[in-house]
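Structure first, commentary second.
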Amino acid sequence: MIRFIEDPAERRKISRYILESLREWFEVDESREGYIEGSADWPFWAYFEGDACEGFLCLKETGDKTMELAVMGVLKTSHRKGIGRRLFAAARDYASQKGYEFIQVKTVRSGMYDDYDITNAFYRSLGFKELEVLEDYWDEANPCQIYVMSLKSAVNTIASRHSYRGTYSPDPVPEDDLLTIARAGIDAPSGCNKQTTDVIIVNDPDTLSKIKEIIDPPVARTAPAMIIVLTRRINAYRDRCFAIQDYSAAIENMLLAIVELGYQSCWYEGHITDEDRICDRIASILNVPDEYDVVCLLPVGRAVEDFHAPSKKPVTERVKFNSWS
Ligand SMILES: Cc1cc2nc3c(=O)[nH]c(=O)nc-3n(C[C@H](O)[C@H](O)[C@H](O)COP(=O)(O)O)c2cc1C
């Protein structure tokens, strides 16, 4: 499992243990000691199998929107188990949730040493792109390859979206941002282009309080804005109604736009469409016409608490090439 390490002494201990075992990459004493010392101050994740630490990764801030993957290492005996990938996913989520837009990483460029070729291939497989090679940054024998990754790509936004159920900052969400989010929703595909999904943006404090009061058990009590999703259950053709698919596509688009703009949310559908039909009471507060149903509520606001990805089954269990077996 991955743990975020707070204690500087534990950070130093872990980075020393791992880096001293990876002499192929960290053979120069002075630079290795520099990483160990630096790691005490940087956001730090470690991977544990039981009590045994098998790898770690640190980020450091290099600009107000930029972080650097400052150092990482995984024990050689634990390579090819996906540990580096999982450490990076935790770090990328953190950077994204804190509003950073780019991550860079430096390594010795490909074609110099076999071990570094593996490192280059690993960074590229994570989605890093070659930015520039600085021939003299370290020395002639070690040209420095800088890689960069935008955290704002669709793929990264998808990967860093997780349901947020914590407290929101009271800061209002600008109406332009709310409109951008709503537009992302109605830009979604719909069966036969019937456009069965509409949304109501709620940012008026009185209306928000009326909605929050009737949600039991309470959710999103601190959210400064909400998007209420409406569906019109009409047929796309013959007796085929795609309204559920239509609003699901719209909701996912909006969740991604919310994360992309630096806010958080959660798809609240079960909560409001259960037997107590909170959705109908929300519809009545918002004067929703009879032909529409309220199906989902998306809070929008900035997160004030840290949160993490829920565990998901491994890709290999759910994704196959060409046939089931
Ligand atoms: C159709 C649907 C209904 C959902 N309803 C609720 C809900 O009522 N309350 C809630 O806390 N989360 C709800 N969720 C969020 C899921 O619990 C969440 O997506 C899931 O646990 C996976 O976590 P992730 O979104 O962080 O990947 C709903 C999600 C979907 C797709």
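Note that the sequence shown covers residues 22 to 346 in this note's numbering. Backbone N, C-alpha and C define an ideal beta-carbon position, used for all residues, glycine too.
Kindly list the residues whose CB is nearer than 6 Å to the CB of residue i, restricted to its own chain and excluding five residues on each side of it in sequence; keep chain order.
i	result
G206	V220, A271, N274 and M275
K233	R242
L43	G94
N256	C262
Please list, in chain order, all residues of the same chain as residue i whose beta carbon is under 7 Å from its beta carbon, the five residues on each side excluded.
i	result
S286	Y185, L276, I279, L319, P320 and V321
L199	I222, N224, A246 and V321
Y121	K86, T87, M88 and L172
L96	I39, S42, E75 and G76
Y144	V126, T128 and Y168
E45	D136
Looking only at its chain, what residues have a beta carbon closer than 8 Å to the beta carbon of residue i, apart from the 5 residues adjacent to it on each side?
i	result
G132	D138
K150	Y168, V169 and M170
A203	V220, I222, I248 and M275
E58	R33
Between the C-alpha atoms of residue i and residue j, what's the straight-line distance to the nearest angstrom?
i	j	result
A142	E296	52 Å
Q166	K173	22 Å
D237	F123	40 Å
M247	G283	15 Å
Y189	A61	30 Å
C213	R33	59 Å
N177	A112	12 Å
F109	E312	47 Å
W345	A175	28 Å
L307	H100	55 Å
E338	G187	30 Å
T201	E27	37 Å
D72	F25	14 Å
S146	T140	10 Å
D197	E281	14 Å
The beta strand (DSSP E) with residue i in it runs from where to where?
i	result
R24	I23 to F25
F77	A73 to G84
P320	D314 to V321
P94	Before going on, a small fix: residue 94 reads as Gly here, not Pro. Its beta strand (DSSP E) spans residues T87 to V95.
A67	F65 to E70
Note the first and the last residue of the continuous alpha helix (DSSP H) segment covering residue i.
i	result
A30	P29 to E41
G59	D50 to S60
V336	V336 to R339
Examine chain D for any beta-carbon lying closer than 8 Å to the beta-carbon of residue i, and answer yes or no.
i	result
A67	No chain D appears in the structure shown, which is made up of a single protein chain.
Comparing C-alpha positions only, which one of the options sits nearest to residue i?
i	options	result
L80	K97, T218 and Q125	Q125
T83	T140, A91 and F77	A91
C74	D260, I104 and I293	I104
I293	V309, V240 and Q266	V240
D315	W63, I222, Y56 and G94	What sits at residue 315 in the sequence shown is Val, not Asp. It is I222 whose Cα lies nearest to the Cα of V315.
V169	V95, V154, E312 and R204	V154
K127	R261, S332 and E156	E156
P12	H183, R182, Y134 and G148	For the chain, the structure presents residues 22 to 346; residue 12 sits outside this window and is missing.
Y258	F77, S211, C317 and S230	S211
W288	V250, I26, E48 and W345	V250
V336	R204, N256 and R107	R107
K102	R254, V340, D327 and E70	E70
S117	R182, D227, I23 and T140	R182
K231	A203, F263 and I299	I299
Q266	T228, E290, T217 and G291	T217
I179	N343, A330 and K334	A330
For this session: Could you tell me which uninterrupted alpha helix (DSSP H) segments, each at least 4 residues in length, are contained entirely in the segment 158-234, listed from first to last along the chain?
Result: 175-181 and 196-207
Problem set entry | Contained beta strand (DSSP E) runs [length at least 3] in the segment 99-138, N- to C-terminal order | 123-129
Exercise. What are the complete alpha helix (DSSP H) segments, minimum 4 residues, inside the segment 236-310?
Worked result: 264-281, 291-294 and 299-306
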